[in-house]
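Worksheet: the structure to be examined is printed underneath.
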Amino acid sequence: MSTFAPPYFGSDYYPEDWPAEQLSEDIAKMKEAGFNVARIAEFAWSRMEPSDGVFEFGWLHRVVDELGKAGIATILGTPTATPPVWLLRKYPGVTKVLEQGNSLEHGGRRHCCFRNPIYLRYCLRIAEKMAQEFGNDPNVIGWQIDNEVYVHDRGCFCPVCAEQFRRHLEKKFNGDIDALNRAWNLTVFSQEYSSFDEINPPRNAWTNPHINQEWILFQQHAVIEFVHAQADVLHRYVGSVPVGTDTMPYNGLDYAELSSRLDIAEFNHYNTPNTLWEVILWFDFVRNYRNRPFWNTETQTTWNGSHIISQTLKPEGYCTANSWLPIALGGEANLYWLWRTHWGGHELMHGAVLAASGRPMHTFGEVQEISRGLRKAADFINGTRVVSDIAVHYPSRSLNLFLVQGIHKEFHYTRCFADSFYRPLLDECCRPDLLETSQDFSQHKLLVSPYVCYLEPELAKRILDWVANGGIWIVGPMTDIRDEHGAKFQDRPLGCLEELLNVRWCYSVPDAELTLKCAWKDGSPFQSGVWNELYEANGDGVLAQITQSPHSALLGKAVLLERKIGRGHVFLLGTTPSREMMRKVYERALDLAGIPYGNGDGENIVVVPRQGEKLSGQFLVEFAGQGGIVTLPKPGHDLLTGEDFDTTVPLAPYQVRVIQF
Amino acid sequence: MSTFAPPYFGSDYYPEDWPAEQLSEDIAKMKEAGFNVARIAEFAWSRMEPSDGVFEFGWLHRVVDELGKAGIATILGTPTATPPVWLLRKYPGVTKVLEQGNSLEHGGRRHCCFRNPIYLRYCLRIAEKMAQEFGNDPNVIGWQIDNEVYVHDRGCFCPVCAEQFRRHLEKKFNGDIDALNRAWNLTVFSQEYSSFDEINPPRNAWTNPHINQEWILFQQHAVIEFVHAQADVLHRYVGSVPVGTDTMPYNGLDYAELSSRLDIAEFNHYNTPNTLWEVILWFDFVRNYRNRPFWNTETQTTWNGSHIISQTLKPEGYCTANSWLPIALGGEANLYWLWRTHWGGHELMHGAVLAASGRPMHTFGEVQEISRGLRKAADFINGTRVVSDIAVHYPSRSLNLFLVQGIHKEFHYTRCFADSFYRPLLDECCRPDLLETSQDFSQHKLLVSPYVCYLEPELAKRILDWVANGGIWIVGPMTDIRDEHGAKFQDRPLGCLEELLNVRWCYSVPDAELTLKCAWKDGSPFQSGVWNELYEANGDGVLAQITQSPHSALLGKAVLLERKIGRGHVFLLGTTPSREMMRKVYERALDLAGIPYGNGDGENIVVVPRQGEKLSGQFLVEFAGQGGIVTLPKPGHDLLTGEDFDTTVPLAPYQVRVIQF
Amino acid sequence: MSTFAPPYFGSDYYPEDWPAEQLSEDIAKMKEAGFNVARIAEFAWSRMEPSDGVFEFGWLHRVVDELGKAGIATILGTPTATPPVWLLRKYPGVTKVLEQGNSLEHGGRRHCCFRNPIYLRYCLRIAEKMAQEFGNDPNVIGWQIDNEVYVHDRGCFCPVCAEQFRRHLEKKFNGDIDALNRAWNLTVFSQEYSSFDEINPPRNAWTNPHINQEWILFQQHAVIEFVHAQADVLHRYVGSVPVGTDTMPYNGLDYAELSSRLDIAEFNHYNTPNTLWEVILWFDFVRNYRNRPFWNTETQTTWNGSHIISQTLKPEGYCTANSWLPIALGGEANLYWLWRTHWGGHELMHGAVLAASGRPMHTFGEVQEISRGLRKAADFINGTRVVSDIAVHYPSRSLNLFLVQGIHKEFHYTRCFADSFYRPLLDECCRPDLLETSQDFSQHKLLVSPYVCYLEPELAKRILDWVANGGIWIVGPMTDIRDEHGAKFQDRPLGCLEELLNVRWCYSVPDAELTLKCAWKDGSPFQSGVWNELYEANGDGVLAQITQSPHSALLGKAVLLERKIGRGHVFLLGTTPSREMMRKVYERALDLAGIPYGNGDGENIVVVPRQGEKLSGQFLVEFAGQGGIVTLPKPGHDLLTGEDFDTTVPLAPYQVRVIQF
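Protein chains in written order, with our numbering: chain A, 1 to 661; chain B, 662 to 1322; chain C, 1323 to 1983.
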């Protein structure tokens, strides 16, 4: 019977790195910091299984028990990122093979092949042993599988991966090698295969985008299967205690799929003052992995210093705003990394709550104050959820496509997504849900689909039905331009949009030098972007067109079209927009959708509407160190300061307010 | 009996990448574009020989026949850059081995060793089969061997290359290893060999410039032999149909030697507005490979996008000027790459005549207009040749020498050649022939030899005889400073120039910071360059000397000397000149040679005098998008616009005029 | 009975690279240059041992004899950096293996493993043979072992090194693998070993700083052992003739240890005008390797051009100042590299005394003038030694620690040492001795210990005793923060300084953006640096503190503390100082120590006090090309110009004065 309750506030803890007798001192200091959770064991395989099949959990039970007695819950990590050296020496073939041919070695972490059956067997065994030991422990409130799983570089090129890749392709193409040849247009450069056995992983060659895409998805799927296999083992023992895996702000994996067999989203980030707004983007994404408040499992108190310190000395309040953001945006936990800076081993320069010496780092006072605030706002945090009427597609598939076959070297998908599509919504004080294309948007009023190169036919149909029922869809640019293999269509420029929207694509042209000029329907000019898909409307609906061009063939072509379909509207966007242009597009769409916007200094304050069965209100977080104001929709009370506000609320730099209506 | 006639205008065509039934549609669109030639089959090995020894040419005959019926001639490419996967799987040793040790893999192109006897056997077999099939086909007007052959990286390090390198050296040094030791000064660092068998290809070491030069020439020679071997096979079957290989704007190979067993020069380039003038340089070089109009086999209509688009949106007219330049400068064909952008496979973002969807790209109207112009000017194009009185040495040997042992890190041979020696001639509206040192200059009035590090004794003698008979020679800097092995002379600073020109070399000094200052004989100052060879004249003839120096030893030394020899003149240049300085040197030399110059805005208009048995005139091409004027030597008629001009001809940005006198 | 006497002036000489009959010409030109020493044979292994066990020294005797007859002494180099190809072909395993796995090849130099027993055996044999031949030769005045020995890249990863590394660790940790696990905190990432046999050299992994430090020290020790083994062989034959090895300006090795079994320091450098002051730093370091005047064995006359020229055309006088600096700062020899530029082989573009053609380079007149000056000042040079009251720690251990685990990416140890600690002393016209931490400072009045991360307990005790007896110690920042393994302390921020100095460390914070502001005790403001260790004083003694901070926790903390201990003083510095700040700290300490300072334009003139039994005076060298003045402590006479000065001495740009009192 766990007596622990969110919001959770704490840090990692590596008791294995410190003298056993230091435990009580550390626990006392955690209490002093106001902590109620610790995340442990994620890299302690060699302590839990010092030699093959010999398990030692006594030390870990003692830590979990003592923490529990002090009111500090435990999140347990499986240590599979750090296999002991005895495993590698016994089975040298388990290590990852790099593209250049060399095998990784013991000494760091994540150096084994996700697909190696021997490594996998040992991983599942240690996970199962841990689950057997701690599955019923009331002090354990959650599980973390491995740590920051990704495909690094281009994945593993070991013989296991090579063979499984051939079999994967054979299965995907139903054993028909000519189907693969056709799908990938392998007559180009005489690449055609006559057998799946002839295929090698793509390296040491100028390889084509289709095999590269398939390879990277295949490698990413190995990660997902690896996590799922562990989740299945844990689920057999842990009851309703949630199982997750802590991920990072990089959308290379399909997190919707990754999360499908997990219970909770766990998330690590180390953003800095200049990019703090981008972590808001991530929370708007992570919140939707699972229908349950997520845990922010790692962030810094001061600075990242894994290899060496490169971060700035952050101003007072930064730690506060950074720590509250996950709570405001739908999480129920914030944990720091590190509790105490390592005294030896890797990552010596990473900031922490305490210095290695046990003395507090300079942000300790902020940490204590955050803890007090969380307790004041606990009922509101637990009793409300984030409210959003806007969905934005942010598919990992697009990132993968742009990585294997970019369109223009000045176009960077994640950068342009963040700057041109996400940031303007933030500016407007809007709260979007970011989604993989497989996720549900039926309850949203506005859907935005930029750079969705592969627009699955099923998805297009789903969207159009929703539009017909009153949805507002902003689509493009670079959407519906590739098939599932990353190829173009042979007989049409777009998969289905021309027909669905009754428009005609004319030209797509790069313009990194911004020589094209555009105008809105009312004549006011604006600047188009680095990539331009130019249309002719069949009939009316042109909202913006090219008015100046170095080449006359482009003049007068449309870059923004509006279409009314059933009870809904579609905006077809043909240019990579500026932040300013996109605000104008959004404002028109938000008006149509009846979504309020613009009620504050969105450039540096994030506004998060919250609604519960009994409670409602808003989180307000100033994230840029500048201060500003927000206009409330109704009078409210700041749970942190005790102040009451009628409409206008001022925020100091990095101030956090929890406004309850 | 071919009925096709130049000028040829068209593009590549990859029918193997598209549905067979699309052929007629593509041909109709080619006709619409005004095309009369298509270049096909260059990468279609797997379609022509789907498995070892099984040949299928039916599909290709159909394409060639249908094109021919429509009045479109065919240039056929041998597909040897793209061996099928069955060849690699059967003989894994045929692939190229990189310096780092890894072998290239199937999936791209040019991944086999040029010297591998098995690969070579298969290449010659497919070439021969094609020649047997199409050698007499009246629709085939030319052959292209392989595609863009080069030594990439530092060549192939496979065992075949290693062994042949040893035997090559043994032959070159007549089996005398001590001769090699002496020629390369191998006492430096105790490098001496006692046997040719001890020699490995130069890698994994700080290798000396002599073995590096020998290696790179050896690798380049493999390319040349590979092309020649195919040419020999084709020549047995193709009668008078010309055989070539399409090369790129990179002078790393000795193209004079490469072309010696070919019939025609084929050339690919993808220059952009900022560097369009450099392709003029290349045409002045390529024109002289063979005594026959060359073919520009590849250029873009819009942009290069092989891996990703990085080029600008080009202004209207650019495609026109770019397409006419090869015709103006001595070619008789211009072909685009691509006809239709690839729908799958590699190079998806490359611009074309048509988009993959079959719709025209935005330059289609320009393409049609170019076609109309070519028909109007056909008789003039076919009936005249480029006239030039100026020869400029541009030896691949120099580039190779500078690559293996540079002189100063701020000195880049091709850059400085183009900017300091070629561009000033362009500025002066002069038309030079660029030549390898082995080529004939006896009919030219002015010869320029900059950076000819290795001045072969035979060449020096040939030049001096020509000077004695009235030739004007500009020589230096960095000329005659190395022997055939890339070594310096042990007992003299220059091989022969001091004695021949009766001067004394004093010092060679770098000056990247441009601290030295010079003056002409009349006292007017100018700036010398990054490298300075300083002389004392024996007697008179100093045209320019050092007037300011951070070191007094350099003061008063000559940087430009003039010598009268027999009926001719020699200008010895000791500094890497600026564009401005070199114009002054050229003007003096052109006056002496009686060559007219300066009759127009050479900075952005190229003037190409043409002379035929019956016709004469000039091509004028504005290549910088600025417009300008040219003064004609006599009244003329613009074959494109129908206008008549007495003397002054205005050109709009990117305008092309074909002036017939 | 050698008749040669310092100061020595000359160059390398590679007679093996030139026709034998050229010897007399070269000797005549050396005499013309004013040379009395030549350094030969360093790369001539293949000439001395053309095949395994066959030795030929006749040619070398002839050279040494002829030089000697002409009054030119010889320094002989062992050629072990350039093993002949027959050795590699017979024993392929002797070559160095790179981290990436490839073995180095013949063709350059330093391509064998320092630890390989076969290579080592051959090295000692050739060294012994040379010693037997020339050990008693009166013309040989010194020996040079190998050439510019270092650990390149991260050393050698061959099987010999791997196995010796395991045994090295086993010995260091007394066979107790758990001691290693504990010392390196290997529970981090489950890195723990159960046997020394499980350890591999650190590569192909994200390895920890402790194994990286141990590896790099292990590799460096191989270099030292290699040199010592040769020294032991030579010492058996060469009597009192000094044996050394020529090193470079890079403190990656422990030169105190390297020099411990050598007789003389030999030093090579190629500094340029912008960095000439840094070579003064090096001479202040090199002077203390051995208690005997060092030899500057290599410097350029004009420019370095090993692979290609990248250096500037240096102004007149630069060669003069550069050549005198080693003499002024405690050396007794200056030799150029090269005598005559190579005509073939490697390093063709390197400047020399003569061009390959045998003609003088443009600095030849300066060289002759330097020779004349050295003869004038010979008695003063030989009869005086450099006087210094200041010691500064410059431990190679610190560089190694910062390389394996940096603190902040904007902090570069050698750069910050030079700019912030050395240069201000130069500015003050002070003459420091730079020392490894193992060296003696008991006779100095002021000791400076910046960035001494690992402050050995023995050293701390030695320093504190010396302070108690009146020494003045400036300590910090980044001092005493690591143990011998490069780990932090588990229970305290500093090893011993808090207790010894009665202070309390509060926080260490990065501040690359320089947002913190400080003030001296008197309120005058200054800027702190990129790294800040902030203290609270117990009691008085705060000299400077934080007055502005983006985070309030840091306000008021001390960055500079003063402590009186016994008859001495300690200054504890907590920030990486600016040049200006450090001058103020130095001035206070120099006043306390009673050391004079500030008597001239130290920014561009180096002042070197010299004292002998009979003679005393100062060397003055203008090193920045600007000119300036120095105030003498007493009247003096310039031995070079014959001028007499009472107090103020003017110096022209690059002027050298030898002032005898």
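Note that CB positions come from ideal geometry on N, CA and C, so glycine has one too. Predicted, not measured: the structure shown is a model, and the values here were computed from it.
In this structure, the CA atom of A:I407 is about 5 angstroms from the CA atom of B:I969. Collapsing the DSSP output to three states places C:T1400 in coil.
Under the three-pair Cβ rule at 8 angstroms, the stretch 676-689 of chain B does not count as touching the stretch 650-659 of chain A.
With distances taken between CA atoms, C:E1909 lies nearest to C:L1768 out of C:H1383, C:P1439, C:L1768. Straight through space, the alpha carbons of C:A1678 and B:F1063 are spaced by roughly 19 angstroms. Residues of the stretch 256-281 of chain A with a Cβ closer than 9 angstroms to any Cβ of chain C: none. Using beta-carbon distances, C:H1734 does not count as an interface residue toward chain A, since no partner is under 7 angstroms. Just measuring C-alpha positions, the residue of A:V658, A:F623, A:A624, A:G627 sitting nearest A:L640 is A:V658.
Bounds of the beta strand (DSSP E) holding C:S1938 are 1938-1944. Taking a C-beta cut-off of 8 angstroms against chain C, the contacting residues of the stretch 865-876 of chain B are N865, A866, W867, T868, N869, P870, H871, I872, listed in chain order. By the neighbour-count criterion, in which 16 or more other beta carbons inside 10 Å mark a residue as buried, A:S306 falls on the exposed side.
Contact between A:V97 and A:C156 is confirmed by a C-beta separation of about 6 angstroms, below the 8 angstroms threshold.
Contact annotation: the stretch 1385-1397 of chain C does not touch the stretch 1416-1430 of chain C, with fewer than three C-beta pairs closer than 8 angstroms. Just measuring C-alpha positions, the residue of A:K172, A:V509, A:E613, A:Q548 sitting nearest A:E533 is A:V509.
For A:Y394, the three-state secondary structure derived from DSSP is coil. C:A1578 is not a Cβ neighbour of C:F1945, given a cutoff of 7 angstroms. A straight line joining the alpha-carbon of B:P1211 with that of B:Y854 spans about 44 angstroms. Per DSSP, reduced to three states, the secondary structure at B:W720 is helical. Closer than 7 angstroms to the CB of B:E677 there is at least one CB belonging to chain A.
Between the stretch 517-526 of chain A and the stretch 475-492 of chain A there are fewer than three C-beta pairs closer than 8 angstroms, too few to call the two in contact.
DSSP places A:V530 outside both helix and strand once states are collapsed to three, so it counts as coil. In the assembly as shown, B:H1003 is a buried residue. Its beta-carbon has 16 or more other beta-carbons within 10 Å. Using a Cβ-Cβ distance cut-off of 8 angstroms, the stretch 869-880 of chain B and the stretch 901-908 of chain B are not in contact, since fewer than three pairs of beta carbons, one from each stretch, lie closer than that value. The C-beta of C:N1424 comes closer than 7 angstroms to at least one C-beta of chain B.
For a Cβ distance threshold of 7 angstroms, residue set P550, H551, S552 of chain A lies close to B:E977, ordered along the chain.
Uninterrupted beta strand (DSSP E) stretches at least 3 residues long and entirely within the stretch 497-547 of chain A occur at 503-510, 517-520, 525-527, 531-537, given in chain order. For A:A33, the closest C-alpha among the options A:V149, A:D540, A:R340, A:F114 is that of A:R340.
Counting C-beta atoms within 10 angstroms of its own C-beta, C:Y1572 has fewer than 16 neighbours from the protein chains shown and is therefore classed as exposed. In terms of Cα proximity to B:R786, the closest of B:T848, B:A926, B:L1155, B:F716 is B:F716. If you check each beta-carbon in the stretch 510-521 of chain A against every beta-carbon of chain C, none falls closer than 7 angstroms.
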